[in-house]
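Listed in order, the protein sequences are those of chains G and V. For the first sequence, counting from 1, position 50 maps to 50 in my numbering; every step adds exactly one. Offset between the second sequence (1-based) and my numbering: plus 1000. Positions of the beta carbon are idealized from the N, C-alpha and C atoms, including for glycine. Source: prediction; values computed, not measured. Have a look at the structure below before the remarks.
Number of protein chains: 2
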Amino acid sequence: MNNSFILRGGIAFSNGKNNIITYSKGYVVCVDGVCKGAFADLPDMYKGLRVYDYGNNLIIPGMSDLHVHAPQYTFRGIGMDEELLEWLSRYTFPEEAKYANLDYAIKAYTYFTEDLRRCFTTRAVVFATLHNEATIELMNQLEKTGVITYVGKVNMDRNGGENLQEASAEQSLKDTVAWLDAIAGKYKNTMPILTPRFIPSCSDELMRGIGKLSKERGIPIQSHLSENKSEIAWVQELVPESTCYANAYEMFDTMGSKELPTIMAHCVYSDRLEMQILKKHGAYIAHCADSNMNLTSGIAPIKKFLDAGVNIGLGTDVAAGSSMNMLKTMLISLQASKMYYRLVDTSVKPLTFEEMFYLATEGGGSYFGKVGTFKDGYDFDAVVIDDSKMFSMRDMSVRERIERMCYNDADVSIRDKFVKGKKIFSAII
Amino acid sequence: MNNSFILRGGIAFSNGKNNIITYSKGYVVCVDGVCKGAFADLPDMYKGLRVYDYGNNLIIPGMSDLHVHAPQYTFRGIGMDEELLEWLSRYTFPEEAKYANLDYAIKAYTYFTEDLRRCFTTRAVVFATLHNEATIELMNQLEKTGVITYVGKVNMDRNGGENLQEASAEQSLKDTVAWLDAIAGKYKNTMPILTPRFIPSCSDELMRGIGKLSKERGIPIQSHLSENKSEIAWVQELVPESTCYANAYEMFDTMGSKELPTIMAHCVYSDRLEMQILKKHGAYIAHCADSNMNLTSGIAPIKKFLDAGVNIGLGTDVAAGSSMNMLKTMLISLQASKMYYRLVDTSVKPLTFEEMFYLATEGGGSYFGKVGTFKDGYDFDAVVIDDSKMFSMRDMSVRERIERMCYNDADVSIRDKFVKGKKIFSAII
Chain G
1 MNNSFILRGG IAFSNGKNNI ITYSKGYVVC VDGVCKGAFA DLPDMYKGLR
51 VYDYGNNLII PGMSDLHVHA PQYTFRGIGM DEELLEWLSR YTFPEEAKYA
101 NLDYAIKAYT YFTEDLRRCF TTRAVVFATL HNEATIELMN QLEKTGVITY
151 VGKVNMDRNG GENLQEASAE QSLKDTVAWL DAIAGKYKNT MPILTPRFIP
201 SCSDELMRGI GKLSKERGIP IQSHLSENKS EIAWVQELVP ESTCYANAYE
251 MFDTMGSKEL PTIMAHCVYS DRLEMQILKK HGAYIAHCAD SNMNLTSGIA
301 PIKKFLDAGV NIGLGTDVAA GSSMNMLKTM LISLQASKMY YRLVDTSVKP
351 LTFEEMFYLA TEGGGSYFGK VGTFKDGYDF DAVVIDDSKM FSMRDMSVRE
401 RIERMCYNDA DVSIRDKFVK GKKIFSAII
Chain V
1001 MNNSFILRGG IAFSNGKNNI ITYSKGYVVC VDGVCKGAFA DLPDMYKGLR
1051 VYDYGNNLII PGMSDLHVHA PQYTFRGIGM DEELLEWLSR YTFPEEAKYA
1101 NLDYAIKAYT YFTEDLRRCF TTRAVVFATL HNEATIELMN QLEKTGVITY
1151 VGKVNMDRNG GENLQEASAE QSLKDTVAWL DAIAGKYKNT MPILTPRFIP
1201 SCSDELMRGI GKLSKERGIP IQSHLSENKS EIAWVQELVP ESTCYANAYE
1251 MFDTMGSKEL PTIMAHCVYS DRLEMQILKK HGAYIAHCAD SNMNLTSGIA
1301 PIKKFLDAGV NIGLGTDVAA GSSMNMLKTM LISLQASKMY YRLVDTSVKP
1351 LTFEEMFYLA TEGGGSYFGK VGTFKDGYDF DAVVIDDSKM FSMRDMSVRE
1401 RIERMCYNDA DVSIRDKFVK GKKIFSAII
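As structure tokens, this is what we get:
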């Protein structure tokens, strides 16, 4: 299969956040890794290209996971009766400390990268640990998967305990530069992202240094924002001069810009002021509903943020989220949105399925450029899905089938997965 | 395999609602279909029995699904942007009307019963439709699965539209008696349960007739209670003399008794008064969190009911719930409970994993008698689970593994399933 071809099947993709275009037997065209559009009838100009007919399979854009912790993958699904700060100190920090051992990292990251290769995700933004060697190992492994990722060596110079804390802000910044230098020019699919864990883990000096480094090198930033009430109160103590948590990031020049947007995971408790800060900087919210429910954090009012024009994608947030399956993340995000409406504020309508499909595909995909839909000029990221095990007594429409697979992912499987026109996973091989 | 044997593996079972007993390499003993207990070391008296060694697999009690609609199985996962009453009229009632056609029912029910045979459920309480022939067909199919079930021909003599409504209360009751007579003595595993759909579907006369029939024949009742605010308001209009929805059922003598408990699905909005009515009658709540989130109904305060001593089990409520997988139901029920605590009432603590495991096994199982745990004298219902695909960097305890499989069910599979000591499903055959 070269990099120009046509896929045929049941096609669905977002056309704006409120509309899903579907073709029951349609064509989606890839030329040199770029999508040339999807069509009910194949335009004459593409009739020379080879057509791969997937019959009744579904073909959708690849999904973007804007927030996932690679080192936490191996303990996902345990300790889930805890809340954030207790869970971090009891489970997460002791596990991440083990990545000081490169042999441990080599083995553990194999599981993570293989799952990422096989899931609905074609783009991901990943936290590693604070360890340079292990982070480079993770990037080496990810590069081979063909999934396009941003990966961050984590910065943390306080409150990590003796086993998961850098010696000083200076040392943390020095290690960060060494990491960036070591990987410069090394990868095609794998990019660095600066990753101050969150303000409780990073001194003011470290935060300022990261803000400066981001500007100097043109490297974006990811972090966590307003996930849990105890965390927010702690940030207010640590940075008393800030007007809110987002403002603390802003003070340190780490909130990014429209050209180099920062990704902030969670924003469960972000109010109008924080929303304005996020919007002003062009920042992305990584909405992690599974994680936010599991750790009893709360529910982010995503519909409100979306209507206000804030950039938003979905994050699985493994291991506080228990799975990298974006369909499950969509389901739980829909349920979260319905409960926010029902239990918190009936003026904030639930997200529609159309909006959720958009968030999982183009919403998060836009962080990577023209990614996440089948319109002309977008990168050709696609997932071919076999849902034939989902018995039905009648022919379901493509729109019904993509909703059904999201509410019930157990009976669907991925047949092929493409990134920029390259097949990076096939169930058959 | 005869009906007396021993299973060896990683064993977990509830000992009361707050405690899970585990053995990493334990034994659970079955004699004549009855559990004789689980042990770390095999007692001498059982050393003559054959041991089936499942190695590192998990062995847990079978689960009970207290609320599932068989005819809705084939359209699960669509129309999920709707709320209850709109969803019923747009999707559910038109689909259920099709079961007037026996050929349709024969085919559609095949999918439902095969899934039920293969899932974690060993006991289920099932809604059919109002059609006698189709209901008997469903019962015939269920009997063959070996899963022990209660099945209800639905009663509805009003508000079903022209295609899903019985001619009169008298006709509905006459058909119900004809159905009971037709199946009397026919099955070993499949029992009838009287099933007035809910008060909006049943006239006062019909409700009273069902209450009378229940007492005369000693057949229990299942229905729906306080699921959705519009539904509750409607019931208040329809039965203006009732003090609450539960009281309306009580007035018609359909709330059952400790000897013959009624199952009420949902109870999302049941207050202290309704809780007292449920408890007084020994009624069971079928908690259907997946359904309650999907239809934007709300979250039932299950922890409060549990602490008050009300009988509770879990229900998948397909098709408002999208799957018969009880692990997924457990996950979503845990998330729902955490969000009730966080968003509605911090005096109602989240359900612990121990409590959720209890609800899925013995909580619902107790409706069927001594069912749902591995203590001496309980029916031997067991599920053997292979979780070897869940990679980990260390040996997880059995307690960790059962939590992990509930938060992330995608990587576990059922190896064997037993009901009353009979193997009714095996992945190998």
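Taking C-alpha atoms, which residue in the options lies nearest to residue i?
i	options	result
residue 1095 of chain V	V:1348, V:1072, V:1101 and V:1149	V:1072
residue 206 of chain G	G:427, G:236, G:169 and G:200	G:169
residue 128 of chain G	G:122, G:106 and G:121	G:106
residue 1286 of chain V	V:1041, V:1135, V:1125 and V:1173	V:1125
residue 362 of chain G	G:3, G:6, G:8 and G:13	G:13
residue 81 of chain G	G:295, G:391 and G:26	G:295
residue 1320 of chain V	V:1085, V:1306 and V:1108	V:1085
residue 98 of chain G	G:74, G:353 and G:262	G:74
residue 371 of chain G	G:114, G:302 and G:419	G:419
residue 1116 of chain V	V:1324, V:1186, V:1232 and V:1339	V:1324
residue 1281 of chain V	V:1270, V:1263, V:1303 and V:1257	V:1257
residue 1052 of chain V	V:1070, V:1002 and V:1067	V:1002
residue 1326 of chain V	V:1301, V:1359, V:1354 and V:1300	V:1359
residue 1091 of chain V	V:1163, V:1063 and V:1060	V:1163
residue 1157 of chain V	V:1217, V:1185, V:1284 and V:1199	V:1199
residue 1083 of chain V	G:111, G:236, G:335 and G:160	G:335
residue 132 of chain G	G:123, G:108, G:113 and G:166	G:166
residue 216 of chain G	G:232, G:194, G:237 and G:344	G:194
residue 406 of chain G	G:333, G:337 and G:427	G:333
residue 1171 of chain V	V:1212, V:1032, V:1155 and V:1146	V:1155
residue 1352 of chain V	V:1307, V:1318, V:1317 and V:1364	V:1307
residue 316 of chain G	G:120, G:345, G:30 and G:375	G:120
residue 101 of chain G	G:123, G:76 and G:134	G:134
residue 408 of chain G	V:1329, V:1364, V:1423 and V:1414	V:1329
Please list the partners that residue i has in chain G, where partner means a Cβ-to-Cβ separation under 8 Å.
i	result
residue 1107 of chain V	393
List the residues of chain G whose Cβ lies closer than 7 Å to the Cβ of residue i, in chain order.
i	result
residue 1350 of chain V	296
residue 1408 of chain V	76, 77, 322 and 323
residue 1403 of chain V	77, 78 and 80
Check the C-beta distance from residue i over to residue j and give it rounded, since I have them as a contact under 8 Å.
i	j	result
residue 1151 of chain V	residue 1138 of chain V	6 Å
residue 10 of chain G	residue 58 of chain G	5 Å
residue 313 of chain G	residue 268 of chain G	Residue 313 of chain G to residue 268 of chain G, Cβ: 16 Å. No contact.
residue 396 of chain G	residue 404 of chain G	7 Å
residue 1399 of chain V	residue 1020 of chain V	6 Å
residue 46 of chain G	residue 384 of chain G	Not a contact, Cβ separation roughly 19 Å.
residue 223 of chain G	residue 249 of chain G	7 Å
residue 1412 of chain V	residue 1381 of chain V	Going by Cβ atoms, the distance from residue 1412 of chain V to residue 1381 of chain V rounds to 18 Å, so no, they are not a contact pair.
residue 1190 of chain V	residue 1143 of chain V	5 Å
Which residues of chain V have a Cβ atom closer than 9 Å to the Cβ of residue i, listed in chain order?
i	result
residue 400 of chain G	1075, 1077, 1078 and 1079
residue 496 of chain G	Residue 496 of chain G falls outside the range modelled here, since chain G spans only 1 to 429, and no answer is possible.
Since residue i meets chain V, which of its residues come closer than 8 Å, beta carbon to beta carbon?
i	result
residue 330 of chain G	Correct list: empty, because the minimum Cβ distance to chain V is about 11 Å.
So which residues of chain V does residue i contact, with C-beta pairs closer than 7 Å?
i	result
residue 139 of chain G	Near residue 139 of chain G there are no residues of chain V at all, since even the closest Cβ is about 20 Å away, more than 7 Å.
residue 293 of chain G	1335, 1338 and 1339
Notebook entry, point to check: For the segment 1335-1360 of chain V, which residues have a CB atom closer than 7 Å to at least one CB atom of chain G, in sequence order?
Noted result: 1335, 1338, 1339, 1341, 1342, 1343, 1344, 1350, 1352 and 1353
Notebook entry, point to check: Which residues, taken in chain order from the segment 1272-1291 of chain V, show a beta carbon closer than 7 Å to some beta carbon of chain G?
Noted result: none
Margin query: So if I threshold CB-CB distances at 8 Å, which residues from the segment 1093-1118 of chain V count as touching chain G?
Written below: 1098, 1104, 1107, 1108 and 1111
Margin query: Which complete alpha helix (DSSP H) runs does the segment 140-213 of chain G hold, if anything under 4 residues is left out?
Written below: 169-183
Next item on the list: Identify every run of the alpha helix (DSSP H) within the segment 1216-1255 of chain V, keeping only runs that are complete inside it and at least 4 residues long; order them along the chain.
Entry: 1229-1238 and 1245-1251
Next item on the list: Please list the segments of the beta strand (DSSP E) lying wholly inside the segment 42-119 of chain G, counting only runs of 3 or more residues, in order along the chain.
Entry: 51-61 and 63-69
Margin query: Just to confirm the assignment: which complete alpha helix (DSSP H) runs, minimum length 4, are found wholly within the segment 1309-1345 of chain V?
Written below: 1326-1339
Checklist line | Runs of beta strand (DSSP E) lying entirely within the segment 1275-1308 of chain V, each at least 3 residues, in chain order | finding: 1284-1287
Margin query: Threshold first: 3 residues or longer. Then list the beta strand (DSSP E) segments lying entirely within the segment 1350-1420 of chain V, N to C.
Written below: 1382-1386 and 1413-1419
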